[in-house]
Amino acid sequence: MALTRHVVLATYGEPPTASFIDQLAYSWRILLGLTRKVAAIPRPVLPIIALSRARGRRALWRAHDYGSPLEAITELQATALQAHLGAASTDDTWRVHVGYEYRRPLVADVLAALPGDEAAFIVPLYAADSAFTHELTREAVDGQRRQASVLRAFAPDVLARASAEHVLTLLAEKPAWHGERVALVLAAHGTVLNPPTPIDTGLVATEALCNAIRTQLAGHFGMVVNGWLNHARGGQWTDPPIEVALEHVVAAGFTKVVYYPYGFLGDNAESELEGRLALQQQP
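Residue numbers (this note's numbering): 22 to 304.
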């Protein structure tokens, strides 16, 4: 008997525009669902922080005429996966959906709308499993009165091979941008090293992925360094921050850099805009 199966792709759901209302709702949900896991912020202070974050993001995005491509990328990923699953299955029907952790449609709402007797598989679109990624999706699923399976993160060697292929494919027709005179700068979201509660920050998994990518690409560049996209508050963060990593590249005499934010499976403001701003600080 043919069955209907569902796949829900999950991401943070960064708003595509600098709309203050959208950025405020997004910041508010992140503060409640994520930031308070690692920072004991008094609840009365949360609205003030959310307002400040929303204003800051709106001003920064407008100043650089920026819009997040994350939603469009996620939708394209869903369309591509739907096509692959449809081609691979002769009997069962697969339906692919998109759900967000911090913006509508929320992952929990997408699951609640699915028929209870049809299987659902949730795919968190994050590079490394941590309390800030896959665990968020598991929490959303745990609150549902239905059977659903949250898939594990990609194995580091699998994602490293795909990452290396991606980088080399983009550079195939640009011979001046690989070789001994070009540095490869890898970047991922940083994390606090001393969280107040014992949680998996994803540092070990991210470092394993970074080392696997370095192994794949080291022979194609004169230097490979890793830099962390850190925040400014909350404790001691991963080292070196992206700004210091770029300083090391300049000090080593490199004037050409390939920047690859390996810690993301879909570009967003952190991987694109913040990385671009860090690069602009160096010659």
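Here a beta-carbon is modelled for each residue, glycine too, at the ideal position from N, C-alpha and C.
- Note on residue 279: 16 or more other CB atoms within 10 angstroms of its CB, so buried under the neighbour-count rule.
- Per DSSP, reduced to three states, the secondary structure at residue 175 is coil, with no helix or strand assignment.
- Bounds of any alpha helix (DSSP H) do not take in residue 118; it lies within the beta strand (DSSP E) bounded by 114-121.
- Around the CB of residue 191, fewer than 16 other CB atoms lie within 10 Å, so the residue is classed as exposed.
- Under the three-state reduction of DSSP, residue 41 is assigned to helix.
- Taken through DSSP and simplified to helix, strand or coil, residue 204 comes out as strand.
- Residue 252 sits in coil when the DSSP states are folded into three classes, being neither helix nor strand.
- For residue 258, the beta-bridge partners assigned by DSSP are 213.
- By the Cβ rule, the stretch 250-266 does not count as touching the stretch 185-202, because fewer than three pairs are nearer than 8 Å.
- Short of 6 Å from the beta carbon of residue 135, and not among the five residues preceding or following it, lie these beta carbons of its own chain, in chain order: 27, 141.
- Under DSSP, the beta-bridge partners assigned to residue 170 are 142.
- Every beta strand (DSSP E) of 3 residues or more that sits fully in the stretch 216-252 is shown, in chain order, as 242-250.
- The C-beta distance from residue 240 to residue 202 rounds to 14 Å, too long to meet the 8 Å contact threshold.
- The continuous stretches of beta strand (DSSP E) do not include residue 197, and DSSP gives it neither H nor E.
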